[in-house]
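Comments concern the structure below.
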Amino acid sequence: QLQLQESGPGLVKPSETLSLTCAVSGGSISNTNYYWDWIRQPPGKGLEWIGSVYYSGSTYYNPSLKSRVTISVDTSKNQFSLKLSSVTAADTAVYYCARRFPYGSGSYSPYYFDYWGQGTLVTVSS
Amino acid sequence: DIQMTQSPSSLSASVGDRVTITCRASQSIDKYLNWYQQKAGKAPKLLIYAASSLQSGVPSRFSGSGSGTDFTLTISSLQPEDFATYHCQQSFSIPGTFGQGTKVEIK
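These protein sequence lines map, in sequence, to chains A and B.
Every letter in the first sequence is one number past the one before it in the numbering used here, and letter 65, counting from 1, is 141.
Every letter in the second sequence is one number past the one before it in the numbering used here, and letter 49, counting from 1, is 50.
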């Protein structure tokens with residue numbers, strides 16, 4: 077059974093960089109069928125897609141966050157990571173990692189998120 | 002970005018009720034619409050993908066329909082374990098966007 081587990085500091089100061097890691101177990105992050113994503117949810121609000129990484133290192137980011145986001149993959153450790161710079165209180169959220177399955181074909185495929193981590197709350201405060 | 006709007010934002014229903022949740026996209030998304038269930042303090046769980054395809058292991062009382070801009074999630078007979086928040090999500094274009102959620106509460 078595939079499992080994803082987020083880890084990282086629960087408190088980050090304003091203007092600093094938020095760093096999280098998602099460890100994948102029960103399957104290989106190098107499986108060519110999947111992408112690996114970060115999604116967040118501010119308290120009491122809806123879900124927001126942050127970005128995605130393929131095992132090769134190719135990335136896709138939400139344009140609204142692109143200037144501050146870096147997502148990377150470490151296939152040797154079977155994990156991927158999120159860095160979000162210059163954080164403010166608006167970045168306070170539960171951060172989830174998830175597996176994306178593209179079920180179509182072609183240069184762009186529709187997809188769904190079929191496995192999620194449990195989520196980790198990151199609070200931005202001094 | 003494509004805006005996804007769910008209605009209602011919340012509803013109260015009883016066990017055994019038929020429940021319908023609507024999701025509207027700001028432009029056509031073909032049938033590239035997913036539904037997730039989220040219980041309090043937990044991660045979302047995939048219920049339906051491609052508007053009407055039931056994810057493996059999901060009870061058949063859940064069904065989805067629609068295409069273009071208007072979609073529905075139906076729970077044919079609400080069970081105690083179905084009280085949760087439901088989210089729609091489009092995968093037609095980047096960035097994939099979610100609705101604001103519909104909370105289903107016990108009446």
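Beta carbons: idealized from backbone N, C-alpha and C, even for Gly.
{"query": "Assuming Y111 of chain A and R176 of chain A make a contact with CB atoms under 8 Å, what is their CB distance in whole Å?", "result": "4 Å"}
{"query": "Taking 8 Å as the threshold, find out whether the stretch 5–21 of chain B comes into contact with the stretch 77–87 of chain B through three or more Cβ pairs.", "result": "yes"}
{"query": "Examine the Cβ distances between the stretch 6–13 of chain B and the stretch 132–142 of chain A and report whether three or more of them are shorter than 8 Å.", "result": "no"}
{"query": "DSSP on A165 of chain A, reduced to helix/strand/coil?", "result": "helix"}
{"query": "Does any residue of chain B bring its CB to less than 9 Å from the CB of Q194 of chain A?", "result": "yes"}
{"query": "Could you tell me whether the Cβ of S92 of chain B comes closer than 9 Å to any Cβ of chain A?", "result": "yes"}
{"query": "Taking the beta strand (DSSP E) that A14 of chain B falls in, what are its first and last residues?", "result": "11–14"}
{"query": "Can you tell me whether E92 of chain A is helix, strand or coil according to DSSP?", "result": "coil"}
{"query": "Grab me the residues of W125 of chain A's own chain with a C-beta within less than 6 Å of its C-beta, minus the 5 sequence neighbours each way, in chain order.", "result": "I115, N138"}
{"query": "Roughly how many angstroms lie between the CA atoms of F63 of chain B and G102 of chain A, to the nearest whole one?", "result": "28 Å"}
{"query": "Please identify the residue among B:N35, B:F93, B:V59, B:E106 whose C-alpha is closest to the C-alpha of S181 of chain A.", "result": "B:F93"}
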